[in-house]
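Novice: Each protein sequence line maps, in turn, to chains A and B.
Residue numbering for the first sequence follows my numbering, beginning at 886 and increasing consecutively.
Residue numbering for the second sequence follows my numbering, beginning at 40 and increasing consecutively.
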Amino acid sequence: GAGVSQSPSNKVTEKGKDVELRCDPISGHTALYWYRQRLGQGLEFLIYFQGNSAPDKSGLPSDRFSAERTGESVSTLTIQRTQQEDSAVYLCASSFSQGLGYGYTFGSGTRLTVV
Amino acid sequence: QKEVEQDPGPLSVPEGAIVSLNCTYSNSAFQYFMWYRQYSRKGPELLMYTYSSGNKEDGRFTAQVDKSSKYISLFIRDSQPSDSATYLCAMSLSNTGNQFYFGTGTSLTVIP
């Protein structure tokens, strides 16, 4: 596809359940980022994948959060034992390489609601 | 203190007005300064970025950075209803996204 695709677009889950969010980056984009956007707050960096390098997980808020990416393809963000404070929009972005000059495209996000 | 402060608005202006959006920051080491536009239910879209101080112009949009005051601005000339969106500022120590710090966004409505 032409853009970054995220699924599902909306997810409502019960507290304590696990959820899996998916990101399909633009073909050929080696860099992939996950961010969280909570209501009234700025985007928070979660995790960064660059090619086959070890991911930068420094933004993950707890060990309930994990993410995987195989090569330069799809990435999944998993949240285990969801809590109400996990409610947010989870955004994925990809780019050809590191750096703003290579362009930086966001998906429309997954809106997660934990009830 | 937050790394980046941005007035959430909302800001409402008539079509054709000049819009000024601003952010302040606390970390003097920031080198890259960005503005994103985010339409409702969509992801942010990079509008412009600047490196270090100075101005950058792109069509109706002008970005200014004043590092001495730790203050950045985005000006929109001849505002259009299609400019109605939330505008996010972001700053970084480097140009890779794992080091971006975002403001909370300013909601702008341009009234026809």
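Glycine residues also receive a C-beta, built at the ideal position from the N, C-alpha and C atoms.
Nearer than 7 angstroms: is that true of the beta carbon of A/C908 relative to any heavy atom of the ligand MG?
Specialist: Although the ligand MG was asked about, the structure shown includes no ligands whatsoever.
Novice: Would you kindly check if the distance between the Cβ of A/A978 and the Cβ of A/Q922 is under 8 angstroms?
Specialist: no
Novice: Closest to B/S118 by C-alpha separation, out of B/K109, B/I150, B/S107, B/P83, would be which residue?
Specialist: B/I150
Novice: Let me see if you follow: with CB-CB separation under 8 angstroms, is A/F981 close to chain B or not?
Specialist: Closer than 8 angstroms: no.
Novice: Put B/P83 into one of helix, strand or coil per three-state DSSP.
Specialist: The answer is coil: DSSP assigns B/P83 none of H, G, I, E or B.
Novice: Quick one: what does DSSP say A/E970 is sitting in, helix, strand or coil?
Specialist: helix
Novice: With a threshold of 6 angstroms on Cβ separation, who are the neighbours of A/G936 within its own chain once the five nearest residues in sequence on each side are excluded?
Specialist: Only T915 meet the Cβ criterion.
Novice: For A/D903, collect the residues of the same chain with a Cβ closer than 6 angstroms to its Cβ; drop the 5 residues on either side in sequence, then sort them by chain order.
Specialist: Q965
Novice: Of all the beta strand (DSSP E) runs that stay within the bounds of the region 890-926 of chain A, which reach a length of 3 or more residues?
Specialist: 890-892, 895-898, 904-909, 916-922
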